[in-house]
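J.: One point on numbering: in my numbering, the residue at position 281 of the sequence shown is 477, and numbering is uninterrupted.
From the three backbone atoms N, C-alpha and C, an ideal C-beta is built for every residue, glycine too.
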Amino acid sequence: MRWTKTFIPTLKEVPADAEIPSHQWMLRAGLIRQLMAGAYTYLPLGWKALRKAEAIVREEMEAAGAIELHMPALQPIELFERTGRREAFGNVLFHWEQKRGGSKVHFALGPTHEEVVTEIVAKHISSYRQLPLTLFQIQTKFRNEERPRFGVLRTSEFLMKDAYSFHVNLESLNETYQAMYRAYCRVFARSGLDFLPVEAESGPIGGDASHEFMTPSKNGEDRIVRCPKCSYAANLERADTGRKPPSRAVASNAAALTKVDTPKVTSIEQVSKLLKCRPDQMIKTLIYTADDQPIAVLIRGDHDANEAKIRRAIGAKSLEMADEATILKVTGAPVGFAGPVGIKCDVIADHDIPLIANAITGANAADAHFTGVTLGRDYLLTTTHDLRMAGASDPCPKCDGTLELVHGIEVGHVFKLGTKYTVSLDANFLDEKEQRHPIIMGCYGIGVNRIIAALAETKHDANGLIWPLSVAPYEVIVIPLQEEPAVVQTAEPIYSQLQQSHVDVLLDDRAQRAGVKFKDADLIGFPLRVVIGGKGLQEGVVELKWRDQPAPTKVPVADAVSTVLKQLAERRAQELTKVPA
Ligand code: ATP
Ligand code: MG
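1) Identify, in the order they occur along the chain, each residue of the same chain with its Cβ nearer than 6 Å to the Cβ of residue 380, setting aside the five sequence neighbours on each side.
2) Quick one: grab the DSSP three-state call for residue 595.
3) Nearest to residue 306 by CA position, among 719, 594, 357 and 648, is which residue?
4) If you reduce the DSSP assignment to three classes, tell me which class residue 292 lands in.
5) Any contact between the segment 662-672 and the segment 715-727? By contact I mean 3 or more CB pairs, one from each, below 8 Å.
6) Taking 8 Å as the cut-off, decide whether the C-beta atoms of residue 317 and residue 623 are in contact.
7) Between the Cα of residue 366 and the Cα atoms of 772, 614 and 734, which residue gives the shortest distance?
8) If you run the structure through DSSP and keep just helix, strand and coil, what is residue 321?
9) Compute the Euclidean distance between the alpha carbons of residue 265 and residue 417, then round it to the nearest angstrom.
10) With residue 381 as the anchor, note down where its alpha helix (DSSP H) starts and where it stops.
11) Among 454, 588 and 548, which has the Cα closest to the Cα of residue 815?
12) Alpha carbon to alpha carbon, how far is residue 753 from residue 686? Give it in angstroms, no decimals.
13) Quick check: does the Cβ of residue 642 come within less than 7 Å of any heavy atom belonging to ligand 1?
14) So what does DSSP say about residue 482, is it helix, strand or coil?
15) Contact between the segment 489-502 and the segment 512-529 is defined here as three or more beta-carbon pairs at a separation below 8 Å; is this criterion met?
16) Taking 6 Å as the limit between beta carbons, can you name the residues of its chain near residue 302, skipping five residues before and five after?
17) Within the present structure, is the beta-carbon of residue 407 separated from the nearest heavy atom of ligand 2 by less than 7 Å?
18) Could you tell me if the beta carbon of residue 606 falls within a distance shorter than 7 Å of some heavy atom in ligand 2?
19) Given this structure, state the Cα-to-Cα distance separating residue 232 from residue 242, to the nearest angstrom.
20) Do the segment 530-539 and the segment 557-564 touch if we need at least three Cβ pairs shorter than 8 Å?
21) Examine the Cβ distances between the segment 245-265 and the segment 274-286 and report whether three or more of them are shorter than 8 Å.
22) Within 7 Å: the Cβ of residue 581 and any heavy atom of ligand 2?
23) Are three or more beta carbon pairs between the segment 197-210 and the segment 221-238 nearer than 8 Å?
24) Does ligand 1 have a heavy atom nearer than 7 Å to the CB of residue 433?
25) So residue 713 is in the alpha helix (DSSP H); what residue range does that whole segment cover?
26) Is there at least one non-hydrogen atom of ligand 2 closer than 7 Å to the beta-carbon of residue 609?
27) Among 481, 462 and 496, whose alpha-carbon lies nearest the alpha-carbon of residue 475?
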């Protein structure tokens with residue numbers, strides 16, 4: 197391709213509304229343009245990179261045994277009503293009623309395709325002999341994100357690879373899950389991304405049933421804990437702490453239990469200000485309704501409760517914050533003054549609670565708190581649990597290391613779904629004994645746009661983007677420095693011979709100064725630059741420079757094409773060494 201024949205609107209200035217590097221560089225390098233919040237045009241360079249990422253995803257899905265199909269984005273709302281996801285998605289689901297003929301049709305735009313794919317399988321699969329089956333597509337998804345932001349990292353319309361697997365038993369599901377997990381590692385490694393598979397909330401199957409693939413990045417919206425000593429990594433909702441029930445119970449220097457007035461002061465922050473104490477000296481008492489029963493959960497004042505852990509600890513199917521009436525009933529006080537002393541419901545506590553000496557808690561009376569609250573004297577616990585969000589400096593649950601907290605961009609997610617969709621949409625199979633069972637499912641998503649955005653976010657320097665060969669918009673840029681015949685007559689055959697050798701090459705044939713061409717080449721980040729002209733050409737050499745190497749090398753004009761081909765082959769091989777088997 198010739199620069200003058202394509203469309204590469206690069207920008208000199210950093211766009212004012214782009215907050216993070218990937219967004220800034222993708223705009224400046226002429227990869228994307230915003231149409232409105234959450235909706236972007238992929239310009240030719242951005243589209244090329246995206247298509248290359250898509251091709252890698254497709255190859256790896258097929259290698260893992262998944263079969264491609266294509267389902268409509270337009271879906272009937274009834275399907276979402278049958279699975280309960282109309283309610284679960286809420287405002288995130290795009291849907292509307294529209295006149296068609298004499299009646300009205302209620303449409304939705306697919307945020308994912310569990311319903312559509314399960315409905316197809318329900319209609320056409322009925323025997324164990326037809327399973328397992330894994331179907332995938334690469335297609336536009338629609339989600340009315342509350343806050344579309346950070347360029348194409350979070351948009352309302354985005355390209356997702358979504359795969360769905362169907363099984364007769366958990367063993368078969370586990371096999372496909374492992375194959376998908378390996379395929380994901382290969383996809384992200386081939387795309388040149390740094391990534392970390394992390395344990396995620398596992399849903400109905402429990403156990404090790406869900407992993408997210410995260411690119412560590414300080415601007416990532418997800419928080420992950422990982423252990424630098426072992427391989428443990430989990431997202432914050434899922435992460436265990438290595439804390440154990442402490443052996444110590446009652447503080448030896450227990451102060452007297454004292455009721456203090458705290459009129460209208462309810463939050464941890466307000467109480468700590470008024471009573472001049474630190475949040476870690478306080479016990480937060482959260483009242484939940486778990487399967488219709490009230491329960492009080494004790495968490496240290498500076499910690500955050502983890503509802504998934506609470507639900508698991510008490511074995512509840514449903515868990516929600518209690519309403520005001522329930523709180524009044526069990527504490528005898530309005531919201532904000534709950535405490536464990538004399539509370540009229542079951543109490544469970546986090547492992548850190550017994551370690552708080554002379555704690556400060558709500559007094560279960562309006563406008564009052566207790567100080568000097570002491571376990572064993574003022575309230576009792578039979579045991580403690582891991583009920584809070586993990587954090588930096590917590591012990592690792594798997595080894596004697598210490599956890600660290602990092603931010604990440606979620607680029608993919610694999611999930612053992614179970615029978616949620618097959619039960620609600622009647623997708624069953626008959627086993628060898630003609631017994632009917634719901635089909636067991638797995639689902640697997642990759643944000644294709646996020647592969648590109650996460651690369652831009654993590655692979656750049658002060659001059660612009662740095663692409664791996666595998667997804668670079670062009671692998672090589674050929675830059676003639678002048679428009680003189682000698683320069684053009686050298687550059688043109690190098691360009692066309694590279695093209696004939698199937699190199700994805702761009703010729704910068706613009707009538708521009710060398711400085712402008714170099715700046716743009718660095719900004720866009722083509723992996724290899726071939727510069728022709730000036731003093732070099734008089735000496736009979738051209739300059740080759742890799743975007744990620746500091747200095748150029750000189751090669752005789754006659755060897756230019758063969759050297760480029762050789763170096764590209766070496767670089768491709770080098771990139772592949774990072775890809776797991
Ligand atoms: P997030 O937590 O970031 O909102 P999610 O967990 O809702 O994502 P999934 O339903 O697991 O997303 O979708 C599969 C993949 O699609 C994600 O791993 C992510 O890479 C991508 N993705 C999800 N939402 C968006 C979005 N709004 N814009 C771009 N990519 C997205
Ligand atoms: Mg996800």
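T.: Answer, in terms of the structure:
1) 409 and 608
2) coil
3) 357
4) It is a strand residue.
5) Two segments are said to touch when three or more pairs of C-beta atoms, one from each, lie closer than 8 Å; by this definition the segment 662-672 touches the segment 715-727.
6) yes
7) 614
8) coil
9) Distance from the CA of residue 265 to the CA of residue 417, rounded to the nearest whole angstrom, comes to 31 Å.
10) 366-386 is the span of the alpha helix (DSSP H), which, as asked, contains residue 381.
11) Since the first residue shown for the chain is 197 and the last is 777, residue 815 is missing from the structure and cannot be characterised.
12) Their backbone Cα atoms lie some 8 Å apart in a straight line.
13) yes
14) Residue state, collapsed to three classes: strand.
15) yes
16) 273 and 293
17) Relative to the non-hydrogen atoms of ligand 2, the Cβ of residue 407 never comes closer than 7 Å to any of them.
18) yes
19) 17 Å
20) They touch, by the three-pair rule.
21) no
22) For residue 581, the Cβ stays outside the 7 Å cut-off from all heavy atoms of ligand 2.
23) yes
24) no
25) 710-720
26) yes
27) 496
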